[in-house]
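In the working numbering, the protein residues as written are 3 to 252. Just so you know, even glycine gets a beta-carbon here, dropped at the ideal spot from N, CA and C. Computed from a predicted model, the values in this text were never measured in an experiment. Here the structure is laid out as structure tokens; the discussion comes afterwards.
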Amino acid sequence: ERTGYDLKLNGKDIDFGAAIAEQTGLGRIFSGTISPKLEVKGKGLAAGDFAISADGPAEMKFKSLSISTLDLLGPIGEAVNKTGKLPGAKLGAASSGGGLSLSGFTALTKFLGGRLRLDKPIDADTPLGKMNITGSAGMDAGMDFTSTIQLTPATIAKLTGNKIKVKEAVPVPLKITGTWDKPKVSGIDVGKLVTALVAAAGKDALSGAVDDLLGGDKKGDNKKGDKKKGDKKKSTGDKAVDAAKGLLGK
Numbered sequence: 003e004r005t006g007y008d009l010k011l012n013g014k015d016i017d018f019g020a021a022i023a024e025q026t027g028l029g030r031i032f033s034g035t036i037s038p039k040l041e042v043k044g045k046g047l048a049a050g051d052f053a054i055s056a057d058g059p060a061e062m063k064f065k066s067l068s069i070s071t072l073d074l075l076g077p078i079g080e081a082v083n084k085t086g087k088l089p090g091a092k093l094g095a096a097s098s099g100g101g102l103s104l105s106g107f108t109a110l111t112k113f114l115g116g117r118l119r120l121d122k123p124i125d126a127d128t129p130l131g132k133m134n135i136t137g138s139a140g141m142d143a144g145m146d147f148t149s150t151i152q153l154t155p156a157t158i159a160k161l162t163g164n165k166i167k168v169k170e171a172v173p174v175p176l177k178i179t180g181t182w183d184k185p186k187v188s189g190i191d192v193g194k195l196v197t198a199l200v201a202a203a204g205k206d207a208l209s210g211a212v213d214d215l216l217g218g219d220k221k222g223d224n225k226k227g228d229k230k231k232g233d234k235k236k237s238t239g240d241k242a243v244d245a246a247k248g249l250l251g252k
């Protein structure tokens, strides 16, 4: 029978990046400070045994956490571009190439067969906007997270080359899988992204952006034929809504 272990650990202000680099083959892809509280049991004594047998609660308080390999804006921009629903505009990645940084948060987790599962969603601030994360990650570095990132107006402006300026944050649901050193961002809900842009911007704020994206020409609005009595002209806001519906394929 294999030897078992009963690990209880209360740490404070540990260099998370250095600890992961020393204990795994991932290298220095993390930075940040963690105060962990673990009560984990399992079988075996080797590091590999912990990865497949660890069970028990783990509370992890991060003062901050940065993941150098995880870029969200690039995949979001590419997903929107591939749909062709924004003709005349190509969304670019506003990422600085520094990965993703999260502000202080507490992760209430549980080890189950070596896999770390979030008992409660993580809510954290990032330079892109507020982020909600649920799911799990294996000690083998495999990830399976579902997330919603609330892109701020400033982030949207950068992503769209200042062609769309919104007044409120825009929620973008997505999935993060792959491994910590080679993450994959997929399942990006582009439909919700476009719909949220229309709703958040409002008729007046969106009209100019939609006209720019669609190559619209308002010069025809002042034609003599439009001034005939009984003609019902659409307001700029109504035109924006019609154009937005066209973008959504509705």
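By DSSP, does residue 261 sit in helix, in strand, or in coil? The chain is shown from 3 up to 252; residue 261 falls before or after that span and cannot be answered.
According to DSSP, is residue 126 helix, strand or coil? The three-state reading of DSSP puts residue 126 in strand, counting E and B together.
Limits of the beta strand (DSSP E) - the one that residue 1 falls within: As displayed, the chain neither begins before 3 nor continues past 252, which places residue 1 out of reach and without an answer.
Could you give the distance in angstroms between the alpha-carbon of residue 251 and the alpha-carbon of residue 80? Note that residue 251 scores 49 on pLDDT, short of 50, meaning its location in the model is unreliable; the coordinates nonetheless yield the value given after this. As the crow flies, the alpha-carbon of residue 251 is around 19 angstroms from that of residue 80.
C-beta atoms of residue 65 and residue 35 nearer than 9 angstroms: Their beta carbons are under 9 angstroms apart, which means residue 65 touches residue 35 by this criterion.
Excluding five sequence neighbours on each side, which residues of the same chain lie with their C-beta closer than 8 angstroms to the C-beta of residue 158? So the list reads 166, 167, 168, 172 and 199, once near-sequence residues are dropped.
What number of angstroms, rounded off, separates the C-alpha of residue 124 from the C-alpha of residue 163? Rounded to the nearest whole angstrom, the CA to CA distance from residue 124 to residue 163 is 30 angstroms.
What residues are listed by DSSP as bridge partners for residue 61? Residue 61 is bridged by DSSP to 39 and 110.
May I have the straight-line CA-CA distance separating residue 194 from residue 108, to the nearest angstrom? Pairing residue 194 with residue 108, the inter-Cα distance amounts to about 28 angstroms.
Neighbourhood of residue 92 by C-beta, 7 angstroms cutoff - its chain only, sequence neighbours within 5 removed: So the list reads 83, once near-sequence residues are dropped.
Under a three-way DSSP split, which group does residue 171 fall into? Note: residue 171 maps to coil in three-state DSSP.
Kindly indicate which three-state DSSP category residue 71 falls into: helix, strand or coil? It is coil, neither helix nor strand.
Thinking C-beta only, is residue 56 closer than 9 angstroms to residue 39? Contact flag unset, no.
Going by DSSP, what residue range makes up the alpha helix (DSSP H) through residue 161? Here the alpha helix (DSSP H) through residue 161 covers 155 to 161.
Thinking residue 104 and residue 67 are a contact (beta carbons under 8 angstroms), I'd like their distance in whole angstroms, please. Yes, they are in contact, since the Cβ atoms of residue 104 and residue 67 sit about 5 angstroms apart, within 8 angstroms.
Where residue 131 sits in the DSSP three-state scheme: If DSSP states are grouped into helix, strand and coil, residue 131 belongs with the strands.
Do you know how far the Cα of residue 186 is from the Cα of residue 139? Each residue's alpha carbon lies about 13 angstroms from the other.
Alpha carbon to alpha carbon, what distance is there between residue 73 and residue 226? In this prediction, residue 226 has a pLDDT of 49, which is less than 50 and means its spatial position is unreliable; what the coordinates show is noted afterwards. Going by the C-alpha atoms only, they are around 52 angstroms apart.
Residue burial classification, residue 229 (beta-carbon count within 10 angstroms, cutoff 16): Reliability fails at residue 229, whose pLDDT of 49 lies under 50, so the model's placement of it is uncertain and the value that follows must be treated cautiously. Taking every protein chain shown into account, the CB of residue 229 has fewer than 16 other CB atoms within 10 angstroms, so this residue is exposed.
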